[in-house]
Amino acid sequence: GAVVSQHPSWVICKSGTSVKIECRSLDFQATTMFWYRQFPKQSLMLMATSNEGSKATYEQGVEKDKFLINHASLTLSTLTVTSAHPEDSSFYICSARGLVEPMEQYFGPGTRLTVT
Amino acid sequence: SQKIEQNSEALNIQEGKTATLTCNYTNYSPAYLQWYRQDPGRGPVFLLLIRENEKEKRKERLKVTFDTTLKQSLFHITASQPADSATYLCASRGGGYNKLIFGAGTRLAVHP
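Protein chains in written order, with our numbering: chain Z, 44 to 159; chain S, 3 to 114.
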């Protein structure tokens, strides 16, 4: 199956700093990528949808100025958590979808962010 | 609103038995359903996709059915093994919406 990678797999940062997470589709082109966050024992919560070359669409309640998304190419999307606070600590997962129907959606392994 | 429900939060079965997980959808008609496996601390792994015009799909010990009359998909793992223990998620896109709608997941535990 298709592979989506994420980097880093875990990161610890101090409150007030910014953290960038990269998501790559390794063996397919993805016009659409998604960013999710997941709290312990809960299901995935969609944060935003990004299409290559255009602005991301954020879900209600997600601050676009805090969670900056860049989808610069068909294989790379980045999520930057700006001015991170401890409540931003979570598991962030990206996902990518192929170009051709039925467009299965593949997920990265996730990034564990801890803000101290 | 469009909704996907996985009826069982948790399912415990004995090794070697068949595990059957249920996914029901309401207020829309998805063109296809996707099933994922998620292990703790990992992202979901794609398992199977079944289209609305397919009654059944198989992959090794996995079988998925799609019943548009009952608005339901069943996910079966035959000859289950302890290594199959994980959370299984049902998801779909429907009605022209761009994003996947997820069920809450069923946590499967296979006991030796």
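In this text, a Cβ means the ideal position worked out from N, Cα and C, and glycines have one as well.
Proximity to residue i [Cα-Cα], best of the options
i: I103 (chain S); options: S:Y30, S:T22 and S:S10; result: S:Y30
i: P32 (chain S); options: S:T89, S:R109, S:A81 and S:I6; result: S:I6
i: R63 (chain S); options: S:T80, S:Q74 and S:F48; result: S:T80
i: L69 (chain Z); options: Z:T157, Z:R155 and Z:G151; result: Z:G151
i: R130 (chain Z); options: Z:T157, Z:V62 and Z:T60; result: Sequence inspection shows Glu at residue 130 (chain Z); the Arg mentioned does not correspond to that position. When only C-alpha atoms are compared, the closest one is Z:T157.
i: K109 (chain Z); options: Z:V124, Z:S132 and Z:T100; result: Z:V124
i: N9 (chain S); options: S:E17, S:S3 and S:N26; result: S:N26
i: Q4 (chain S); options: S:E17, S:R95 and S:R39; result: S:R95
i: N14 (chain S); options: S:Q74, S:Q83, S:R39 and S:F68; result: S:Q83
i: I52 (chain S); options: S:W37, S:L72, S:Q16 and S:L23; result: S:W37
i: T28 (chain S); options: S:K61, S:D69 and S:D86; result: S:D69
i: M146 (chain Z); options: S:T67, S:E11, S:F48 and S:E58; result: S:F48
i: V66 (chain S); options: S:P114, S:H113, S:A12 and S:T20; result: S:T20
i: L76 (chain S); options: S:D41, S:T108, S:D86 and S:G18; result: S:T108
i: S138 (chain Z); options: Z:R155, Z:H128 and Z:T118; result: Z:T118
i: I64 (chain Z); options: Z:S133, Z:V143 and Z:V105; result: Z:S133
Chain Z contact for residue i (CB, 8 Å cutoff)
i: P32 (chain S); result: no
i: P46 (chain S); result: yes
i: F77 (chain S); result: no
i: G18 (chain S); result: no
i: F104 (chain S); result: yes
i: L51 (chain S); result: yes
i: K57 (chain S); result: no
i: K61 (chain S); result: no
Proximity test, Cβ basis, 8 Å: residue i and chain S
i: L117 (chain Z); result: no
i: Y101 (chain Z); result: no
i: Q148 (chain Z); result: yes
i: P51 (chain Z); result: no
i: L87 (chain Z); result: yes
i: G104 (chain Z); result: no
i: T159 (chain Z); result: no
i: G151 (chain Z); result: yes
8 Å contact criterion, which residue i and residue j should meet: CB distance rounded
i: R44 (chain S); j: G153 (chain Z); result: 6 Å
i: A93 (chain S); j: G105 (chain S); result: 7 Å
i: W187 (chain Z); j: L122 (chain Z); result: In this structure chain Z extends from 44 to 159, so residue 187 (chain Z) is not present and cannot be described.
i: R80 (chain Z); j: Y135 (chain Z); result: 5 Å
3-residue-minimum beta strand (DSSP E) runs that sit fully inside the segment 43-98 of chain S, ordered along the chain: If you keep only unbroken beta strand (DSSP E) runs of at least 3 residues inside the segment 43-98 of chain S, you get 47-53, 58-61, 64-69, 74-79 and 88-96.
3-residue-minimum beta strand (DSSP E) runs that sit fully inside the segment 12-38 of chain S, ordered along the chain: The DSSP assignment places 12-16 and 21-28 as complete runs of the beta strand (DSSP E) inside the segment 12-38 of chain S, in order along the chain (cut-off: 3 residues).
For the segment 90-132 of chain Z, list the beta strand (DSSP E) runs that are entirely contained and at least 3 residues long, ordered along the chain. As for any beta strand (DSSP E) of minimum length 3 sitting wholly inside the segment 90-132 of chain Z, the runs are 110-116 and 119-124, ordered along the chain.
Can you give me, in chain order, the residues of the segment 119-140 of chain Z that have a beta carbon less than 7 Å from any beta carbon in chain S? Within the segment 119-140 of chain Z, the residues whose Cβ lies closer than 7 Å to some Cβ of chain S are I136, listed in chain order.
Contact set between the segment 57-77 of chain Z and chain S, restricted to residues whose Cβ is under 8 Å from the partner: For the segment 57-77 of chain Z, the beta-carbon criterion of a distance under 8 Å to any beta-carbon of chain S is satisfied by T75 and F77.
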